[in-house]
Amino acid sequence: MRRHSDEMVQALSQPDVSVPVLLERLSHLTGALRVTVDPHDPDDWIQADALMTPETGALADFIVHLADAGFGANRRAAAASLLLRHGWAAGPIIAAYLAERRTLRIHDFALRFSASTLVEGVWIRQADLLASRNPADIGPGVLASLLAFSEPVLESLRRWSGYSRHALWSMLASSWLAQFSTIGELLGDREQAVRAARALLARHPELARALPETYVIASGDRSEVCQILKACCLQHKGFRRRFCPSCPVIQDRERIVRNREWVCRAK
Numbered sequence: 003m004r005r006h007s008d009e010m011v012q013a014l015s016q017p018d019v020s021v022p023v024l025l026e027r028l029s030h031l032t033g034a035l036r037v038t039v040d041p042h043d044p045d046d047w048i049q050a051d052a053l054m055t056p057e058t059g060a061l062a063d064f065i066v067h068l069a070d071a072g073f074g075a076n077r078r079a080a081a082a083s084l085l086l087r088h089g090w091a092a093g094p095i096i097a098a099y100l101a102e103r104r105t106l107r108i109h110d111f112a113l114r115f116s117a118s119t120l121v122e123g124v125w126i127r128q129a130d131l132l133a134s135r136n137p138a139d140i141g142p143g144v145l146a147s148l149l150a151f152s153e154p155v156l157e158s159l160r161r162w163s164g165y166s167r168h169a170l171w172s173m174l175a176s177s178w179l180a181q182f183s184t185i186g187e188l189l190g191d192r193e194q195a196v197r198a199a200r201a202l203l204a205r206h207p208e209l210a211r212a213l214p215e216t217y218v219i220a221s222g223d224r225s226e227v228c229q230i231l232k233a234c235c236l237q238h239k240g241f242r243r244r245f246c247p248s249c250p251v252i253q254d255r256e257r258i259v260r261n262r263e264w265v266c267r268a269k
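Residues in the sequence shown are numbered consecutively from 3, following this note's numbering.
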């Protein structure tokens, strides 16, 4: 048994040569999110382990930056903002599922954030592709991959911030569903991708309760899937003192007006 376990660890430590090939094929789906296995700029990335130590090191420094940008007025707001960004970083897992019915498992990674605090890069340091006997039903493996990627960070931020698991799951669910919508649109079937997201994430009881409501705002030939989150991201606690359009506490009229303005500006 010990020898078998050692062999599994050794196999995991070897890069899956098919992962870089897959990521290259998916690069047109991850948009502005740079996904790399060999960055030309290895400095200024926050390693996966550091993402679970918000009181020290690189993540503590980034939380100060979040506060300066208006997204981290207190620990709960910082935790919510971090998980919105971390959820968006799961783009390659979601793209592999939607485009190729593959289960990408990311075992070690680092994130890079822009000057405006958005996540701009995912450095996949160790990953593999899960073999499936039935490609038509890989949902459980994909959900497990998403959870393995994000739940350890969620739990560490919950302990640090005191924000509820429900609220923090709401942030992840929002970003994951947004990635499904964005990638689905690029693949030519946004509606089906959103349905797939709901079916997949609803397999997890906490995620099922945290899934945002969605509705479509259209202007001319452009439309966007908008959300109503199940918990507040606390952006209004920052110096801007304004709720985001996805906030569950604002009135529907204000929400629709602001999202319609956004869709019209983006045309």
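Note that the Cβ used here is the ideal one computed from N, Cα and C, for glycine as well. Every value quoted in this text rests on a predicted model; they were computed, and no experiment measured them.
At what residues does the beta strand (DSSP E) containing R167 begin and finish?
Premise fails: R167 lies in the alpha helix (DSSP H), R167 to L188, not in any beta strand (DSSP E).
Check this for me: beta carbons of I219 and N261, under 7 Å apart or not?
The beta carbons of I219 and N261 sit closer together than 7 Å.
Starting from D130, trace the alpha helix (DSSP H) in both directions and tell me its first and last residue.
No alpha helix (DSSP H) holds D130; the beta strand (DSSP E) holding it covers V121 to L132.
I'd like to know if the stretch 103-110 and the stretch 65-77 are in contact, where contact means that at least 3 CB-CB pairs between them fall below 8 Å.
Judged by pairs of C-beta atoms under 8 Å, the stretch 103-110 does not touch the stretch 65-77, as fewer than three such pairs exist.
Closer than 6 Å to a non-hydrogen atom of the ligand SAH - does that hold for the CB of L85?
This structure does not include the ligand SAH; it has no bound ligands of any sort.
One or two residues paired with C234 in a DSSP bridge:
None; C234 has no bridge partner.
From the DSSP output, which residues share a beta bridge with S221?
Within the DSSP secondary-structure output, S221 pairs in a beta bridge with R224.
Taking the CB atoms as reference points, tell me whether L174 and G89 lie closer together than 7 Å.
Against a cut-off of 7 Å, the Cβ pair of G89 and L174 comes out as a contact.
For V227, tell me which candidate among I185, G93, E208 and Q237 has the shortest Cα-Cα distance.
Nearest of I185, G93, E208 and Q237 to V227, Cα basis: I185.
For a test of the three-state rule: what should DSSP assign to V37, helix, strand or coil?
Here V37 carries a strand assignment [DSSP, helix/strand/coil].
Q253 in three-state terms, based on DSSP
Coil at Q253, not helix or strand.
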